[in-house]
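Student:
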Amino acid sequence: MSLFWEHLVNHTFLQYAIVGGLLASLACGVVGSFVVARRATYVAGAIAHCVLGGMGAARYLQRVHDIEWMTPLLGATVAAVIAALIVAAVTASGRQREDTVLSAIWAIGMAVGISFITATPGYYEDLMSYLFGNILMIGTADLQHMAVLDAVIVILMLLFYDKFLVISFQPELAKLRGIRVRAYHTLLLVLISLTVVLLTQVVGLVMVIALLTLPAATALHFAQRLWIAMLIATSLCFLFTVSGIALSYGPELPAGATVIQVAGGTYLLAIASKWLWKKFNKIDQRH
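With this note's numbering as the guide, the letters of the sequence shown map in order to residues 16 to 302.
Right, dumping it as structure tokens:
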């Protein structure tokens, strides 16, 4: 770990990785808390795997048809938003089973992505970076894109926090108040989709759900209010990201996988500590 701190001052790619981790953490803490509290992990998972289709298509257009501005990150953003809109439409109509549609989106997104990546000459190795992420490869353009997504997510969450809170936990009350539940539900799904895109830059598609939920789940063990959980989750996500990068740097381990191991270990410690606290309290009450 000491090697990481020594190189951090002089190596730009490490500085970019830390900034990217901070940007991802802001969205992770804010939106991840809603995902965990609403038990919408499977929805986020379907959107995450649909992102591969957008990444693969963008890489194909960029390399085969020389459309340079069509970056994988842009393709991921478009695919994620489309997936969110489809999920919102299906949820609102009620004509199809939600779990069936989510499974279809999950599978189709992966299949389309793999097909495009395979059809792109010489770029099959990109599949591994998409699936498992490589935060150390983040560049200036990626950071700019992430900053824009972050700004959109944070601003919209600040503007509509109360509305999101009501539609998530008291939808009937929201309807009585005249709140457009369907519209705000769709907007929240779009914010989830943008957050998924941000987090794929850190840990890839396979582990994005873990990073989206573990910091928030850990925070919700100790926070009584959702906004407090958001602050704690944001701090934890950044701590996990920096710790994972630092721990993986010397031994040359995958940074994304190390980040998730740190997050998972902390979550298990949080569960254990809360269980022990309750047990000791019961013993004290008996005496």
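Ideal placement from N, C-alpha and C gives every residue a C-beta, glycine not left out. The structure displayed is predicted, hence computed values, not measured ones.
1) What first and last residue would you give for the alpha helix (DSSP H) that runs through D157?
2) Find the nearest neighbour of A42 within the set D177, L173 and V277, judged by alpha-carbon distance.
3) With C-beta atoms as the reference, is P87 less than 9 Å away from G69?
4) Pop quiz: F131 and A72 are said to be a contact at Cβ under 8 Å. What is the actual Cβ separation, rounded to whole angstroms?
5) Given a cut-off of 9 Å on the beta-carbon distance, is the pair A94 and V50 in contact?
6) In terms of alpha-carbon separation, which member of I275, S263 and A232 lies closest to A285?
7) Taking the straight line between their C-alpha atoms, what separation do you get for Y145 and S263?
8) Taking 9 Å as the threshold (C-beta atoms), are V46 and I207 in contact?
9) Is the separation between the beta-carbon of L220 and that of G148 shorter than 9 Å?
10) Apply the 10 Å Cβ neighbour rule to P230 and answer buried if 16 or more other Cβ atoms are within range, or exposed otherwise.
11) I'd like to check one pair, F175 with Y199: are the Cβ atoms closer than 9 Å?
12) Which complete alpha helix (DSSP H) runs does the stretch 51-133 hold, if anything under 4 residues is left out?
13) With a cut-off of 8 Å on the beta carbons, I'd call R74 and T135 a contact; round off their distance for me.
14) Go ahead and pull the three-state DSSP assignment for R197.
15) Using C-beta distances below 8 Å, list every residue in its chain close to S48, excluding the 5 sequence neighbours before and after it, in chain order.
16) Considering only residues of the same chain and omitting the five flanking positions on each side of V181, which have a CB-CB separation below 8 Å?
17) Relative to the alpha-carbon of A166, which residue among I224, S250, A39 and I275 has its alpha-carbon at the smallest distance?
18) Going by other Cβ atoms of all chains shown within 10 Å of its Cβ, with 16 needed for buried, is I150 buried or exposed?
19) Between the alpha carbons of L203 and V169, how many angstroms are there, rounded?
20) Would G128 and V217 qualify as a contact pair, given that the criterion is a beta-carbon distance under 9 Å?
21) Could you name the residues of the same chain whose beta carbon sits closer than 6 Å to that of L76, not counting the 5 residues immediately before and after it, in chain order?
22) Of all the options L254, K294 and L283, which has the alpha carbon lying nearest to the alpha carbon of A32?
23) How far does the alpha helix (DSSP H) with P230 in it reach, from first residue to last?
24) Please report the Cβ distance between V102 and V58, rounded to the nearest whole angstrom; I am assuming they are in contact, meaning their Cβ atoms lie under 8 Å.
25) Where does the unbroken alpha helix (DSSP H) through E267 begin, and where does it stop?
26) If you measure between the beta carbons of A122 and H64, is that distance less than 9 Å?
27) Can you tell me where the alpha helix (DSSP H) holding L23 begins and where it ends?
Tutor: With the structure as the only source:
1) T155 to F184
2) L173
3) yes
4) The pair is a contact, with the Cβ atoms about 5 Å apart (cut-off 8 Å).
5) no
6) Measuring C-alpha to C-alpha distances from A285 to each of I275, S263 and A232 identifies A232 as the nearest.
7) Cα to Cα, Y145 sits roughly 19 Å from S263.
8) yes
9) A contact, by the Cβ cut-off of 9 Å.
10) buried
11) yes
12) 56-79 and 87-108
13) 6 Å
14) Three-state result, R197: helix.
15) A231, A234, L235, L241, A244, M245 and A248
16) L188, A189, R192 and I194
17) The residue with the shortest Cα to Cα distance from A166 is A39.
18) buried
19) 12 Å
20) no
21) By the criterion of a C-beta distance shorter than 6 Å, L76 is surrounded in its chain by I82 and M85, once the five residues flanking it on both sides are discounted.
22) L254
23) V223 to L235
24) 6 Å
25) Counted as a single uninterrupted DSSP element, the stretch harbouring E267 is not any alpha helix (DSSP H), since DSSP gives it neither H nor E.
26) yes
27) Counting along the chain, L23 sits inside the alpha helix (DSSP H) bounded by residues S17 to L23.
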